[in-house]
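For the sequence shown, the residue numbers in my numbering are 669 to 776. Built from N, CA and C at the ideal position, the CB exists for glycine as well. None of the values given here were measured: they were computed from a predicted structure. Below: one structure, written as structure tokens.
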Amino acid sequence: MAEANNQSFPSGEFTAFSTAKMTYFLLVRPDLTRADIEAFFGDADARYVALTQVPSVELHLPKTDAQVAVPGNLIAKFANGKYKVITQAYYHQNFNDPITNATGQGIH
């Protein structure tokens, strides 16, 4: 596979994804530990994150809506310090599947 350079990648529909500047992802899995949570969220934010039964991860960060992640979800940590739980459906809709309009027609 050819190596991409800054002038040629990304372009088109994927430009928005690249400019989001996501820095870290945590895959929520059944064997997630408190140590994993603390390593990902860091000292400042880990105290607002609960590892609960199911297993699930509950984010209760100040000045944000609560979010719950279950196995198979990704937790994205953005460069601005914000977090978002990304479901498989959200990922496919926004980053993987072809971009379509409300009637399912491709957008060019």
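| Alpha carbon to alpha carbon, what distance is there between Val696 and Ser724? | On the sequence shown, position 56 is the one that residue 724 refers to. On the sequence shown, position 28 is the one that residue 696 refers to. The alpha-carbon atoms of Ser724 and Val696 are separated by roughly 8 Å.
| said: Taking the beta carbon of Pro709 as the centre, do at least 16 other beta carbons fall within 10 Å, making it buried, or is it exposed? | reply: Position 41 of the sequence shown holds residue 709. First, the amino acid is wrong: residue 709 is Phe here, not Pro. Flag for Phe709 reads buried.
| query | Which same chain residues, not among the five before or five after Lys731, have their C-beta less than 6 Å away from its C-beta? | reply | As a first step, residue 731 must be located in the sequence shown, where it is residue number 63. No residues qualify anywhere along the chain.
| field | Contact set for Ile754: own chain, Cβ-Cβ below 6 Å, skip 5 residues either direction | value | Reading the sequence shown from its first residue, position 86 is the one you call residue 754. Taken in chain order, the residues that qualify are Leu742, Ala744.
| message | Checking the sheet assignment: what are the DSSP bridge partners for Gln735? | response | Locating residue 735 in the sequence shown gives position 67, where the first residue counts as 1. Paired residues: Leu727.
| C-alpha gap between Asp733 and Glu726, whole angstroms | In the sequence shown, residue 733 corresponds to position 65, counting from 1. In the sequence shown, residue 726 corresponds to position 58, counting from 1. For Asp733 and Glu726, the distance between alpha carbons rounds to 11 Å.
| said: In whole angstroms, give me the CA-to-CA distance for Val722 and His760. | reply: As a working mapping, residue 722 is identified with position 54 in the sequence shown. As a working mapping, residue 760 is identified with position 92 in the sequence shown. The alpha-carbon atoms of Val722 and His760 are separated by roughly 24 Å.
| DSSP three-state call for Ala744: helix, strand or coil? | Residue mapping note: residue 744 aligns to position 76 of the sequence shown, counting from 1. Strand.
| According to the neighbour-count rule (16 or more other Cβ atoms, all chains shown, within 10 Å of its Cβ), is Tyr751 buried or exposed? | For the purposes of this step, residue 751 is taken as residue 83 along the sequence shown, with counting starting at 1. With 16 or more other Cβ atoms within 10 Å, it is buried.
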